[in-house]
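Protein chains: 2
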Amino acid sequence: MKPSIFVVEDDPDISRLVRHHLEGAGFVVKVFATGNTVVMESERQRPTLFILDIMVPGRDGLELCRQIRQTPLLASTPVIFLTAKSGEADRILGLELGADDYIPKPFSPRELVARVKAVLRRFERPLSQSPLKVGEIEIDPSAMTLSVRGQLVGTTATEFRLLDYFARHIGRVFTRDQLLDSVWRDTAYVTPRSVDVYVRRIREKIEPDPESPRYLKTVRGAGYRFEAPK
Amino acid sequence: MKPSIFVVEDDPDISRLVRHHLEGAGFVVKVFATGNTVVMESERQRPTLFILDIMVPGRDGLELCRQIRQTPLLASTPVIFLTAKSGEADRILGLELGADDYIPKPFSPRELVARVKAVLRRFERPLSQSPLKVGEIEIDPSAMTLSVRGQLVGTTATEFRLLDYFARHIGRVFTRDQLLDSVWRDTAYVTPRSVDVYVRRIREKIEPDPESPRYLKTVRGAGYRFEAPK
DNA sequence: CTCAAATGTTTCAATCTGGTTACAATCGGG
DNA sequence: CCCGATTGTAACCAGATTGAAACATTTGAG
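Protein chains in written order, with our numbering: chain W, 1 to 230; chain S, 1001 to 1230.
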């Protein structure tokens, strides 16, 4: 799932610029020219991050930020300010607002993207880190390694994420769509049947006999389930 | 063990801001509104770093710094000042006080975190850091020398830091962004792909055959991992 | 037993990612 | 101030990965 960014900015030149570069970096961008409907929309759509111009008509950016912070659903969403004069920075900082960064105008596209990414990285729930052992399978996320019966086995990034997800939810059945939601980065145009292909690839790597799987079982009509063999 | 930071700052708006962002960056933060109990507490808890507002009631920040410097247990703990006027900077840094950096208000969260990290990096016992041997590679940080198969090999500063970082975290996968965060000096906006270039330069120096690396492995879709060859 | 639905398997084009090189900008010593 | 070293970027290329499609096989309801 691509991160989505809500941008509140009245100057169309700037918002166009911001949108263009953030989209180029793989984000989904939604621009609001005024602050009026932002909070309402946000509660429904839950953006990953806000970028607010300090001065926007309809509602002051600072006020908007405060409102975001006071809305339970949005309180923990990171906020980045766009500021024109550095003098304004005082106000931001003086006013406790809990913005996570600010970007002074004018800014370079690269700086914009880098800062957004940096803030998101801070907020990203870190991936599972502890190594995991199931049967004869060992998964070490921090090294991104997989051992099967003592042998190191290479995996692609997607294979690894999917296997790790399964192994951390032993015994639970997941539909293909659930797996796409939780494991795939950008689910937009992925067919559920692609999961089948990855299940096959994983089975080839972990199952002694891929034809009769002992770990990654098919649950006909539902999806797949990962089991610890007896 | 997370580094712990003692912040002496009477303005609650600012101290909240500082705490929030430093905690977000993975530090343990303790805030003091006055300088009165700081030294005593510090002798027991041994913070990794101090951040002092120049003007704090109860005890002047400068005075506090001087006291820290004269306390044997704390003398080598880095100190960063928060200053309002940039004019004060010279005095703090240059003269008697032995502060290690200052952050002029207003500051951006990013700058705050970047400076703290930079100072900590400088203080990471650069001298006592032990030489390191991995396979046929020997790294001596105190001399900044690299030997490969008994031969001294020249490196640039950045190459050396990156290699050293890898060699001290054997087996772990690092994304390009993580490497930029931990190894690069100024938190400027460097393209993640620059890491690739340095990896190549390091490989040329340490790998018998840079085409099929035995130490510095690529982890497709994730980043790089340094291994001790078997 | 039959058949439709579900899943397995293989293939392959498009896309993505990393490798590599060349080079411009910057730094630092003399 | 100049020059070589270092740093970081851009551009291009090769190869790996991804995911859809096509076809095969299995399952189980009736």
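In this text, a Cβ means the ideal position worked out from N, Cα and C, and glycines have one as well.
If you check the beta carbons only, do residue i and residue j fall under 8 angstroms apart?
{"i": "Tyr1198 of chain S", "j": "Ser1182 of chain S", "result": "no"}
{"i": "Ala1118 of chain S", "j": "Ile1139 of chain S", "result": "no"}
{"i": "Pro1047 of chain S", "j": "Phe1006 of chain S", "result": "yes"}
{"i": "Phe50 of chain W", "j": "Ile80 of chain W", "result": "yes"}
{"i": "Lys2 of chain W", "j": "Gly26 of chain W", "result": "yes"}
{"i": "Glu204 of chain W", "j": "Tyr215 of chain W", "result": "no"}
{"i": "Ala228 of chain W", "j": "Val116 of chain W", "result": "no"}
{"i": "Val28 of chain W", "j": "Leu112 of chain W", "result": "no"}
{"i": "Ala143 of chain W", "j": "Arg1220 of chain S", "result": "no"}
{"i": "Tyr1224 of chain S", "j": "Lys1217 of chain S", "result": "yes"}
{"i": "Ala1222 of chain S", "j": "Val1173 of chain S", "result": "yes"}
{"i": "Gln1045 of chain S", "j": "Ser1004 of chain S", "result": "yes"}
When you compare each of the options to residue i by their alpha carbons, which one comes out closest?
{"i": "Asp11 of chain W", "options": "W:Thr175, W:Lys105, W:Ser42, W:Arg44", "result": "W:Lys105"}
{"i": "Gln1129 of chain S", "options": "S:Ser1194, S:Tyr1224, S:Thr1145, S:Glu1009", "result": "S:Thr1145"}
{"i": "Ile54 of chain W", "options": "W:Leu82, W:Val39, W:Gln45, W:Val38", "result": "W:Leu82"}
{"i": "Ile68 of chain W", "options": "W:Gln45, W:Arg44, W:Val39", "result": "W:Val39"}
{"i": "Val1190 of chain S", "options": "S:Lys1205, S:Leu1120, S:Arg1220, S:Asp1177", "result": "S:Asp1177"}
{"i": "Ala99 of chain W", "options": "W:Phe107, W:Leu112, W:Ser108, W:Thr77", "result": "W:Thr77"}
{"i": "Pro131 of chain W", "options": "W:Arg121, W:Arg122, W:Leu163", "result": "W:Leu163"}
{"i": "Cys1065 of chain S", "options": "S:Ser1147, S:Gly1035, S:Ile1137", "result": "S:Gly1035"}
{"i": "Leu1052 of chain S", "options": "S:Gln1070, S:Arg1044, S:Val1031, S:Leu1120", "result": "S:Val1031"}
{"i": "Tyr150 of chain W", "options": "W:Pro141, W:Arg161, W:Ile137", "result": "In the sequence as displayed, the identity of residue 150 of chain W is Gly instead of Tyr. Of W:Pro141, W:Arg161, W:Ile137, the residue nearest in Cα terms is W:Ile137."}
{"i": "Asp196 of chain W", "options": "W:Arg185, W:Glu63, W:Leu180, W:Leu62", "result": "W:Leu180"}
{"i": "Asp60 of chain W", "options": "W:Phe107, W:Ala33, W:Glu124", "result": "W:Ala33"}
{"i": "Pro141 of chain W", "options": "S:Ser1194, S:Thr1175, S:Arg1200, S:Trp1184", "result": "S:Thr1175"}
Would you mind sorting residue i into buried or exposed? The rule is 16 or more other CB atoms within 10 Å of its CB.
{"i": "Glu1009 of chain S", "result": "buried"}
{"i": "Ala114 of chain W", "result": "buried"}
{"i": "Ile170 of chain W", "result": "exposed"}
{"i": "His21 of chain W", "result": "buried"}
{"i": "Gly154 of chain W", "result": "exposed"}
{"i": "Arg1110 of chain S", "result": "buried"}
{"i": "Thr1037 of chain S", "result": "exposed"}
{"i": "Asp101 of chain W", "result": "buried"}
{"i": "Glu159 of chain W", "result": "buried"}
{"i": "Leu74 of chain W", "result": "buried"}
{"i": "Ser212 of chain W", "result": "exposed"}
{"i": "Leu1152 of chain S", "result": "exposed"}
Can you look up residue i in the DSSP assignment and give me helix, strand or coil?
{"i": "Gly1135 of chain S", "result": "coil"}
{"i": "Arg1069 of chain S", "result": "helix"}
{"i": "Arg220 of chain W", "result": "coil"}
{"i": "Ile80 of chain W", "result": "strand"}
{"i": "Ile170 of chain W", "result": "coil"}
{"i": "Phe32 of chain W", "result": "strand"}
{"i": "Pro12 of chain W", "result": "helix"}
{"i": "Tyr1189 of chain S", "result": "coil"}
{"i": "Gly1094 of chain S", "result": "The predicted model places Gly1094 of chain S with a pLDDT of 40, which falls under 50 and marks its position as unreliable; any figure quoted below should be read in that light. Helix at Gly1094 of chain S."}
{"i": "Leu1074 of chain S", "result": "coil"}
{"i": "Ser1194 of chain S", "result": "helix"}
{"i": "Glu1211 of chain S", "result": "coil"}
{"i": "Met55 of chain W", "result": "coil"}
{"i": "Ser182 of chain W", "result": "helix"}
{"i": "Thr175 of chain W", "result": "coil"}
{"i": "Ala1114 of chain S", "result": "helix"}
{"i": "Ser1042 of chain S", "result": "helix"}
{"i": "Phe1160 of chain S", "result": "helix"}
{"i": "Phe1123 of chain S", "result": "helix"}
{"i": "Gly1026 of chain S", "result": "coil"}
{"i": "Arg1019 of chain S", "result": "helix"}
{"i": "Tyr1165 of chain S", "result": "helix"}
{"i": "Ser1128 of chain S", "result": "For Ser1128 of chain S, the predicted model reports a pLDDT of 41, less than 50, meaning its position is unreliable and no value from the coordinates is stated."}
Looking only at DSSP bridge pairs, what is residue i linked to?
{"i": "Ser1147 of chain S", "result": "S:Glu1138, S:Leu1152"}
{"i": "Leu49 of chain W", "result": "W:Ile5"}
{"i": "Phe226 of chain W", "result": "W:Leu216"}
{"i": "Pro1104 of chain S", "result": "S:Thr1083"}
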